[in-house]
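Novice: Numbering (our numbering), first residue to last: 157 to 358.
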Amino acid sequence: MSQTTKTKPVHRKVLDDARQIELATRMIRCGARLQVLEAETSLSYDRLSHLYHEIRGCSPSKGLLPFSESWYLSWRANLHASLFYSLFVAIEKARPNLPEVECLIRAYQLYEGNEIACEGGERKEPYLTFTRAWMLVRFVRRADALKLSHCQDCGIGFLTHTHTHGLTLRCAVCNPPPRALPALRGGSIDTPHDLSLHHAAA
Ligand SMILES: [Zn+2]
């Protein structure tokens, strides 16, 4: 009996460690930066750095995290970020017991899968990186700097500043900047596929 009580905490620690490594591995495969991994797991910098190198075959970037919410409001970034955030909210609503980071990973995998499919199966980094997606959730949830508004024309959810109000809110597809019109009509611009379909059906 004494042996059982002694080994239990050790088992728990090993299991928890395995879960943390699995979580970090999934985030690294999505393209997460080291700062994100440190914030979302209890693993040390050195272990995360080694894990990153083992999975990606290179050292993690040492640059700063993207820090401005304004990036998400430029036309093309807003299309991609709004699609990702709408997926994130839908997953959270469907699975309220899932931790936030799990919803984030699942939403990002859906967004990323959509982007890869649009590129004919060729893998390249999506316009919205995992780190940007992670920062976006923080800008909405922690900093209260951005929110999901609804387009008055098509009804789709899209990201705006928190303090944007009024009845004249129009999304990036219903109200594109003039410079984007020729490319948008010609289909040569890099827009998220699902969003284009949504608007085509609206
Ligand atoms: Zn719209």
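No residue lacks a Cβ here, since even glycine has one placed at the ideal position from N, Cα and C.
(1) Identify the continuous alpha helix (DSSP H) that holds L220 and give its terminal residues.
(2) Please go through the same chain and pick out, in chain order, the residues whose beta-carbon is closer than 8 Å to the beta-carbon of F240, but skip the five residues on each side of it.
(3) Any idea if A356 is buried or exposed, counting beta-carbon neighbours within 10 angstroms, 16 or more meaning buried?
(4) Check whether the Cβ atoms of W227 and P333 sit closer than 8 Å, and answer yes or no.
(5) Please list the terminal residues of the continuous alpha helix (DSSP H) segment that includes T287.
(6) Unbroken alpha helix (DSSP H) runs of length 4 or more, entirely within the segment 180-212: which are they?
(7) Using the C-alpha atoms, what's the distance from D309 back to V245?
(8) Work out the CA separation of H306 and A174 for me, nearest whole Å.
Specialist: So, to answer that:
(1) Run containing L220: none; DSSP gives neither H nor E here.
(2) A263, Y264, Y267, L284, A289, L292
(3) Because A356 sits at a pLDDT of 37, beneath the cut-off of 50, its placement in the model cannot be relied upon, and the point is left open.
(4) no
(5) 286-297
(6) 190-196, 201-212
(7) 21 Å
(8) 41 Å
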